[in-house]
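I have placed the structure first, in the form of structure tokens, so that the comments after it can refer back to it.
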Amino acid sequence: MTLHTSVKRNAYYDSVTLMLLSRELQKLEGVEDVLVGMATGLNLDLAKDLGLADNEFDTLTPNDLFIAAKIDEALISMKAIEDAFNEYLNKRVESESDEDYQPPSLSSAIQSLPGANMVLISVPGQFAAAEVEDALDAGLHVMLFSDNVPVEDELRLKQKAVEKGLLMMGPDCGTAIINGIPLCLANAVRLGKIGVVGASGTGTQEVTVQIHKLGEGLSQVIGTGGRDLKEQIGGLMMTLGFESLIADPETELIVLISKPPAPSVAEKIYQIAKSSPKPVVIDFIGGDRAAIEAAGAIPCISLEDAAQKAVKVLRGQEYEDFTGFSLPEDHINCIVDTSVSKLKSDQTELRALFTGGTLADEAMKLLGVHHNIYSNIPLLPEMAIANLPEGRGHICLDLGEDEFTRGRPHPMIDPQTRTEFFQSHVDEKTAVILVDVVLGFGSYKDPAGAVADSVREIRQRLAKQGKDVVVIASVCGTDLDSQDLNKSIATLEAAGIIVLPSNAQAVRLTDRILQRMKKGVLDVC
Amino acid sequence: MSVNDLFKQELKIVNLGLKSFHSDLKSQGVTTVQVNWKPKAGGKKNMLSLLGKINKVKQS
Numbered sequence: 014m015t016l017h018t019s020v021k022r023n024a025y026y027d028s029v030t031l032m033l034l035s036r037e038l039q040k041l042e043g044v045e046d047v048l049v050g051m052a053t054g055l056n057l058d059l060a061k062d063l064g065l066a067d068n069e070f071d072t073l074t075p076n077d078l079f080i081a082a083k084i085d086e087a088l089i090s091m092k093a094i095e096d097a098f099n100e101y102l103n104k105r106v107e108s109e110s111d112e113d114y115q116p117p118s119l120s121s122a123i124q125s126l127p128g129a130n131m132v133l134i135s136v137p138g139q140f141a142a143a144e145v146e147d148a149l150d151a152g153l154h155v156m157l158f159s160d161n162v163p164v165e166d167e168l169r170l171k172q173k174a175v176e177k178g179l180l181m182m183g184p185d186c187g188t189a190i191i192n193g194i195p196l197c198l199a200n201a202v203r204l205g206k207i208g209v210v211g212a213s214g215t216g217t218q219e220v221t222v223q224i225h226k227l228g229e230g231l232s233q234v235i236g237t238g239g240r241d242l243k244e245q246i247g248g249l250m251m252t253l254g255f256e257s258l259i260a261d262p263e264t265e266l267i268v269l270i271s272k273p274p275a276p277s278v279a280e281k282i283y284q285i286a287k288s289s290p291k292p293v294v295i296d297f298i299g300g301d302r303a304a305i306e307a308a309g310a311i312p313c314i315s316l317e318d319a320a321q322k323a324v325k326v327l328r329g330q331e332y333e334d335f336t337g338f339s340l341p342e343d344h345i346n347c348i349v350d351t352s353v354s355k356l357k358s359d360q361t362e363l364r365a366l367f368t369g370g371t372l373a374d375e376a377m378k379l380l381g382v383h384h385n386i387y388s389n390i391p392l393l394p395e396m397a398i399a400n401l402p403e404g405r406g407h408i409c410l411d412l413g414e415d416e417f418t419r420g421r422p423h424p425m426i427d428p429q430t431r432t433e434f435f436q437s438h439v440d441e442k443t444a445v446i447l448v449d450v451v452l453g454f455g456s457y458k459d460p461a462g463a464v465a466d467s468v469r470e471i472r473q474r475l476a477k478q479g480k481d482v483v484v485i486a487s488v489c490g491t492d493l494d495s496q497d498l499n500k501s502i503a504t505l506e507a508a509g510i511i512v513l514p515s516n517a518q519a520v521r522l523t524d525r526i527l528q529r530m531k532k533g534v535l536d537v538c
Numbered sequence: 215m216s217v218n219d220l221f222k223q224e225l226k227i228v229n230l231g232l233k234s235f236h237s238d239l240k241s242q243g244v245t246t247v248q249v250n251w252k253p254k255a256g257g258k259k260n261m262l263s264l265l266g267k268i269n270k271v272k273q274s
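Those sequence lines, one after another, are chains A and B.
Quick note on this note's numbering: the first sequence kicks off at 14 and runs consecutively.
Quick note on this note's numbering: the second sequence kicks off at 215 and runs consecutively.
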């Protein structure tokens with residue numbers, strides 16, 4: 014195998030386009046490894062780590078595109094790779110191109126769009142802060158999807174935004190719905206009376222989807238970015254969003270979603286909640302229940318529970334913690350018994366492969382009560398993957414974390430990463446596979462189909478050893494999403510996957526099965 | 215424009231970066247402009263720093 018590189022200077026393409034191109038080129042016969050990217054610091058480091066960089070790379074700038082490939086010259090030439098690259102790129106550019114004028118800068122875009130009021134920014138993180146600053150200076154609200162933005166920049170930009178009374182949602186903000194318009198990775202939901210401020214993307218998606226399924230709708234959904242409630246940022250955007258929803262006449266009830274905030278930030282939020290004239294439902298996933306109640310707000314035990322309580326309070330109905338299932342208990346027991354009866358005695362392990370970080374986090378919090386769950390985002394340091402006893406045990410992965418997305422798209426955008434984990438992490442000792450299937454704008458066109466294909470492949474593999482596996486999924490999506498909730502459920506069920514109506518219920522069923530496996534099967538219903 | 219004023223307005227969005235976000239907005243009938251974005255000054259740090267200084271002088 015020999016390394017070949019090719020450089021196109023001053024040719025800029027977005028990261029997702031290039032990551033998907035890399036994947037297409039990887040499929041060519043004779044290609045051992047290939048990387049296509051803009052020559053940003055991150056991409057150059059990745060190329061070096063993969064042994065795909067040569068001396069010319071030191072002269073590149075972030076405006077230069079590189080193709081680096083290790084190839085078997087008997088099977089393929091670099092010229093053929095470049096031709097394939099150009100062909101894929103042309104196809105993609107053609108499919109995305111439109112007749113519209115594309116101004117070359119933010120300032121010229123603002124001039125060409127009278128009344129512009131919002132800027133979405135998803136450029137590489139190192140360039141994002143300057144663009145945000147320009148947008149705020151021009152008086153525009155910002156949604157900042159980019160990650161790798163220094164926390165000092167986030168603080169400075171949010172302080173400026175708050176001074177000007179502008180939203181600065183992010184960095185690393187994946188989900189918002191403003192005036193009924195889903196932005197970036199959000200689901201299609203109906204308009205309504207519930208406002209949400211969320212510091213976690215898929216957590217916010219799950220709550221908004223569940224509210225829609227329960228027949229209510231959303232007034233506004235404001236994202237803050239995951240670091241907003243940390244001490245350094247002080248909850249600047251959560252506070253602004255919360256106060257804006259209190260002042261919004263269309264919002265009758267407010268839901269706040271975040272991982273547990275820094276104590277000082279939580280206190281700030283509780284003070285606003287105490288004086289809120291509107292009911293407030295808080296899911297600080299695993300947060301301080303007593304403190305939330307003391308602030309006059311309603312605490313929750315899961316994302317689904319937050320949606321249920323929000324809807325019940327809005328309708329003036331009584332509420333309690335939702336700890337069960339939508340299906341009758343005897344039906345669930347039947348599913349548990351049937352599932353366990355399919356497994357051999359040496360099949361004992363869980364493989365939870367999540368594309369949504371907050372959904373993975375929720376799974377670990379619910380499962381961690383009864384089971385030792387090892388993860389790349391562990392609840393406790395000792396539960397890190399590296400500490401798996403002899404490499405065996407229950408595993409729950411957030412496949413959207415940086416360690417799995419270097420040089421490749423997020424698994425919600427492209428299912429390839431999870432497909433590979435199905436192949437590498439599910440084996441003859443796996444008893445249960447738990448997955449999320451996230452629909453919506455920005456997500457892959459058929460995530461359910463990708464999961465179903467992987468499950469069929471695994472079942473074929475295990476069948477050779479006389480084994481089967483239990484697969485449990487939840488679909489975070491609505492009937493209005495382009496991927497279609499019902500179609501996605503049908504696709505999964507056709508592959509023998511048990512589909513539950515929420516992440517929390519899918520996790521609870523997993524818990525029941527894992528617990529029953531310890532006891533052994535008594536009867537099969 | 216305050217956040218609550220934004221809530222009363224039609225969204226008009228400038229998109230910098232992933233074109234799929236622009237396409238999704240267009241498919242919903244949202245008024246949006248895609249910027250043909252490239253890193254300023256070729257992404258060179260020293261040039262970016264100079265540009266930043268020039269802009270600050272201009273603003274003052």
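Every residue, glycine too, gets a C-beta built ideally from N, C-alpha and C.
What does DSSP give as the partner residues of residue i in its beta bridges?
i	result
valine 20 of chain A	A:Phe79
methionine 181 of chain A	A:Val155
proline 367 of chain A	In the sequence under discussion, the amino acid at residue 367 of chain A is phenylalanine, which differs from the proline named in the question. According to DSSP, phenylalanine 367 of chain A bridges with A:Asp411.
threonine 448 of chain A	Residue identity differs from the one stated: residue 448 of chain A is valine in this sequence, not threonine. Looking at the DSSP assignment, valine 448 of chain A forms a beta bridge with A:Leu366 and A:Ala486.
valine 222 of chain A	None; valine 222 of chain A has no bridge partner.
lysine 222 of chain B	Answer is none; lysine 222 of chain B lacks a bridge partner.
aspartate 27 of chain A	Looking at the DSSP assignment, aspartate 27 of chain A forms no beta bridge with any residue, so it has no partner.
alanine 517 of chain A	Bridge partners of alanine 517 of chain A: none, in fact.
threonine 188 of chain A	A:Cys197
glycine 50 of chain A	A:Phe79
isoleucine 227 of chain B	A:Met131 and B:Thr246
threonine 215 of chain A	DSSP lists no partner for threonine 215 of chain A.
Nearest-angstrom Cα distance between residue i and residue j?
i	j	result
cysteine 186 of chain A	glycine 236 of chain A	6 Å
leucine 253 of chain A	glycine 178 of chain A	8 Å
glutamate 333 of chain A	lysine 226 of chain A	19 Å
glycine 499 of chain A	isoleucine 510 of chain A	Going by the sequence as given, residue 499 of chain A is asparagine instead of glycine. Their backbone Cα atoms lie some 14 Å apart in a straight line.
valine 8 of chain A	arginine 105 of chain A	The question about residue 8 of chain A has no answer, for chain A in this structure spans 14 to 538.
glycine 54 of chain A	lysine 92 of chain A	26 Å
glutamate 416 of chain A	lysine 61 of chain A	16 Å
leucine 34 of chain A	threonine 443 of chain A	33 Å
threonine 246 of chain B	aspartate 238 of chain B	10 Å
methionine 530 of chain A	methionine 377 of chain A	19 Å
aspartate 67 of chain A	threonine 18 of chain A	8 Å
alanine 286 of chain A	leucine 170 of chain A	25 Å
valine 294 of chain A	glycine 420 of chain A	38 Å
glutamate 506 of chain A	leucine 513 of chain A	10 Å
histidine 407 of chain A	threonine 371 of chain A	18 Å
proline 290 of chain A	valine 155 of chain A	28 Å
glycine 299 of chain A	glutamate 375 of chain A	8 Å
leucine 73 of chain A	leucine 57 of chain A	9 Å
glutamate 42 of chain A	leucine 249 of chain A	52 Å
alanine 463 of chain A	alanine 308 of chain A	44 Å
leucine 126 of chain A	isoleucine 485 of chain A	47 Å
Against residue i, what residues of chain E qualify as contacts under a CB-to-CB distance less than 8 Å, listed in chain order?
i	result
asparagine 250 of chain B	Judged by its chain identifiers, the structure shown contains no chain E, and its protein chains are A and B.
Any residues in the stretch 173 to 197 of chain A with a beta carbon nearer than 8 Å to a beta carbon of chain B? Which ones, in chain order? Those residues of the stretch 173 to 197 of chain A that come within reach of chain B (Cβ to Cβ, closer than 8 Å) are Gly178, Leu179, Leu180, Ile191, Asn192, Ile194, Pro195, Leu196 and Cys197.
Just by C-beta distance, which residues in the stretch 216 to 239 of chain B are closer than 9 Å to chain A? Ser216, Val217, Asn218, Asp219, Leu220, Phe221, Lys222, Gln223, Glu224, Leu225, Lys226, Ile227, Val228, Asn229, Leu230, Gly231, Leu232, Lys233, Ser234, Phe235, His236, Ser237, Asp238 and Leu239
Check each residue of the stretch 65 to 79 of chain A: if its Cβ is closer than 9 Å to any Cβ of chain B, include it; give the result in chain order. Thr74, Pro75, Asn76 and Asp77
Runs of 3 residues minimum, wholly inside the stretch 247 to 290 of chain A: which ones carry the beta strand (DSSP E) assignment? 266 to 271
Does the structure place the stretch 429 to 437 of chain A close enough to the stretch 463 to 475 of chain A that three or more beta carbon pairs sit under 8 Å? Note that the stretch 463 to 475 of chain A touches the stretch 429 to 437 of chain A; at least 3 beta-carbon pairs, one per stretch, sit closer than 8 Å.
If contact means a Cβ-Cβ distance below 7 Å, which residues of the stretch 220 to 249 of chain A contact chain B? Gln233
Mind listing, in chain order, the continuous beta strand (DSSP E) runs of no fewer than 3 residues lying wholly within the stretch 371 to 444 of chain A? 386 to 388 and 407 to 411
Below 8 Å, how does it come out for the stretch 473 to 485 of chain A and the stretch 242 to 253 of chain B: are there three or more Cβ pairs, yes or no? Touching, no.
Determine contact between the stretch 276 to 292 of chain A and the stretch 232 to 246 of chain A, defined as no fewer than three beta-carbon pairs at a distance below 8 Å. yes
Could you tell me whether the stretch 315 to 334 of chain A touches the stretch 513 to 528 of chain A, using the rule of 3 or more Cβ pairs below 8 Å? yes
Would you be able to state if there are at least three C-beta pairs under 8 Å between the stretch 481 to 497 of chain A and the stretch 201 to 217 of chain A? Contact annotation: the stretch 201 to 217 of chain A touches the stretch 481 to 497 of chain A, with at least three C-beta pairs closer than 8 Å.
The stretch 120 to 140 of chain A: positions lying closer than 7 Å to chain B by Cβ: Those residues of the stretch 120 to 140 of chain A that come within reach of chain B (Cβ to Cβ, closer than 7 Å) are Ala122, Ile123, Ser125, Leu126, Gly128, Ala129, Asn130, Met131, Val132, Leu133, Ile134, Ser135, Val136 and Phe140.
Measuring CB atoms only, is the stretch 450 to 464 of chain A touching the stretch 482 to 490 of chain A, in the sense that at least three cross pairs come out at less than 8 Å? yes
For the pair the stretch 68 to 88 of chain A and the stretch 18 to 28 of chain A, tell me if three or more CB-CB distances fall below 8 Å. yes
Along the stretch 158 to 170 of chain A, where does the CB come closer than 9 Å to a CB of chain B? Name the residues. Phe158 and Ser159
For the stretch 21 to 44 of chain A, enumerate the residues whose C-beta is nearer than 7 Å to any C-beta of chain B, in chain order. Tyr25, Asp27 and Val29
Chain-ordered residues of the stretch 254 to 270 of chain A with a beta carbon less than 8 Å from chain B: For the stretch 254 to 270 of chain A, the residues whose beta carbon sits under 8 Å from a beta carbon of chain B are, in order, Gly254, Ser257, Ala260, Asp261 and Glu263.
Contact list for the stretch 440 to 466 of chain A against chain B, Cβ threshold 8 Å: From the stretch 440 to 466 of chain A, only Phe454 and Gly455 have a Cβ closer than 8 Å to chain B.
Would you call the stretch 388 to 397 of chain A and the stretch 215 to 225 of chain B touching, i.e. three or more CB-CB distances under 8 Å? no
What residues from the stretch 401 to 423 of chain A come within 8 Å of chain B, judged by C-beta to C-beta, listed N to C? none
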